[in-house]
Amino acid sequence: ISLSPCPVNRDFDPDMAARLAGRVNNSMYYALLVGAGAVGSLVIESLYREGRFRLTIVDNDILLPHNLSRHSLGWFDIGHPKAQMLAEHLYEIMPVLQRPNYHIKNILNSACDNSLLSDIKSSDVIFDATASIAASRCICELDSDARRVCFFYNPSGTAAAILVEDEKRSVDLRCLEDFLYAQ
């Protein structure tokens, strides 16, 4: 009988994810994702796999069959709320992290929901993946010191944009969007 050494890996956890991503420390941040569609689901899944975020997802839409062409969710999720299914999907990837929270809400109606307002206020970063000008304006005005990051495809799907506020929010998403459209 021959014996061969075999690498033994423990469960995938936030510390291992941080090391594999090239980070020495694994600081946790509280993130709020607004928009659990195709772009939002793919970006947040990549970030969540690094094990850096306690997460809340906000979206009031359900998954439809045509969403599957670019979404991280699958056939079994059709007909269910995107926010809820994405939270469950992410938790399955790394169950040692706190289960992502979710709100099946429209961000434009956030003023009426104390739980959502609490999640907004406690966020370190707010990701806007709505591709909605009205929602982006609302997100920019939310009562939170959190830095905002916005990512979207243009309406024709020929270009993608990522807008990131500076840490002090001296140049907010509205200014960045104005600059983008002026080009």
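Quick note: the sequence shown uses this note's numbering, first residue 8, plus one each step.
Ideal Cβ positions, reconstructed from N, Cα and C, are used throughout, including at glycine.
Just so you know, these numbers come straight off a predicted model, no measurement behind them.
Let me know the secondary structure DSSP gives residue i once reduced to three states.
{"i": "Pro162", "result": "coil"}
{"i": "Pro12", "result": "coil"}
{"i": "Asp135", "result": "strand"}
Let me check understanding here. Comparing Cα to Cα, which of the options lies closest to residue i?
{"i": "Arg77", "options": "Arg61, Ala45 and Gln105", "result": "Ala45"}
{"i": "Pro72", "options": "Thr63, Phe83, Cys119 and Ile64", "result": "Phe83"}
{"i": "Glu184", "options": "Thr165, Glu174 and Asn161", "result": "Asn161"}
{"i": "His110", "options": "Ala24, Arg30 and Cys119", "result": "Cys119"}
{"i": "Ile146", "options": "Leu180, Asp68 and Ala167", "result": "Leu180"}
{"i": "Leu5", "options": "Lys128, Asn116 and Gly47", "result": "Residue 5 is absent from the model: the chain starts at 8 and stops at 190."}
{"i": "Leu39", "options": "Ser139, Ala168, Leu170 and Leu149", "result": "Leu149"}
Tell me whether residue i is buried or exposed, calling it buried when 16 or more other Cβ atoms sit within 10 Å of its Cβ.
{"i": "Arg106", "result": "exposed"}
{"i": "Ile51", "result": "buried"}
{"i": "Leu10", "result": "exposed"}
{"i": "Thr63", "result": "buried"}
{"i": "Pro88", "result": "buried"}
May I ask which residues mark the beginning and end of the beta strand (DSSP E) holding residue i?
{"i": "Leu40", "result": "Tyr36 to Val41"}
{"i": "Val178", "result": "No beta strand (DSSP E) contains Val178, which DSSP labels as neither H nor E."}
{"i": "His110", "result": "Asn108 to His110"}
{"i": "Arg61", "result": "Phe60 to Val65"}
{"i": "Val46", "result": "No beta strand (DSSP E) contains Val46, which is instead part of the alpha helix (DSSP H) from Ala45 to Tyr55."}
{"i": "Leu170", "result": "Ala167 to Val171"}
Answer with yes or no whether the minimum CB distance from residue i to chain B is below 7 angstroms.
{"i": "Glu99", "result": "Annotation note: the requested chain B is absent from the structure, which comprises a single protein chain."}
Requested in this report: Inspect the CB distances between the segment 141-161 and the segment 121-133 and report whether three or more fall short of 8 angstroms.
Outcome: Between the segment 141-161 and the segment 121-133 there are three or more inter-stretch CB-CB distances shorter than 8 angstroms, so the stretches are counted as touching.
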